[in-house]
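Residue numbers (the working numbering): 27 to 193. Virtual Cβ for every residue (Gly too), placed ideally from N, Cα, C.
Next up, the structure:
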């Protein structure tokens, strides 16, 4: 398994299809996952630290798990088949529960737990975003250029369609 982080959520135009972007922590590959609008909102709100006045579904599930004396210790993106990503919730008592990847990611942000991606998923769905754009310094630097990375990914997404990831 490869540890990943959520880079963010984006709405792709003209389809208005949201996607969440994962990036391997110790590498350059990204995994774009097309998701539903409610899950995109849930992920974006959690990333921004917005706490709704009443619990939304993902908040409620975290509250239920904690009320039962447990925690979600990690989330796994376990498989991808026909462009459908499969997630898993890993609990503190060793129990694993299957989940949609988008729901698992929304819960991971709320549980503040690690996110892992199966190597096979990274191999099949991972993409590299070129680091060397024209006019940029080609020497590696110690700091990550997050704005540049995001800009390059947006440029990549301008020309990509969900069908491009079909096996």
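- Item | 7 Å Cβ shell around residue 119 - same chain, five flanking residues per side excluded | Locating residue 119 in the chain shown gives position 93, counting from the first residue. Once the five neighbours on either side are set aside, the close Cβ partners of residue 119 are 96.
- Helix, strand or coil: how does DSSP classify residue 39 here? Here the question's residue 39 lines up with position 13 in the chain shown. Three-state result, residue 39: coil.
- Item | Reference residue 102; option with closest CA among 127, 135 and 68 | The count along the chain shown starts at 1 and reaches residue 102 at position 76. Selected option, being the one with the closest Cα: 127.
- I think residue 98 touches residue 143, with their Cβ atoms under 8 Å apart; what is that distance to the nearest whole Å? Counted from its first residue, the chain shown places residue 98 at position 72. Counted from its first residue, the chain shown places residue 143 at position 117. So it is not a contact: roughly 16 Å between Cβ atoms.
- Query: In the DSSP assignment, what are the bridge partners of residue 48?
  - Reply: Start at 1 with the first residue of the chain shown, and residue 48 comes out as number 22. Paired residue(s): 32 and 57.
- Secondary structure of residue 80, DSSP reduced to three states: Position 54 of the chain shown, counted from the start, is the residue given in the question as residue 80. Coil.
- Query: Hey, which unbroken runs of the beta strand (DSSP E) at 3 residues or more fall wholly within the stretch 102 to 163?
  - Reply: 110 to 117, 122 to 126 and 140 to 143
- Span of the alpha helix (DSSP H) around residue 63: The residue labelled residue 63 in the question sits at position 37 within the chain shown. Where residue 63 is concerned, the enclosing alpha helix (DSSP H) stretches over 63 to 73.
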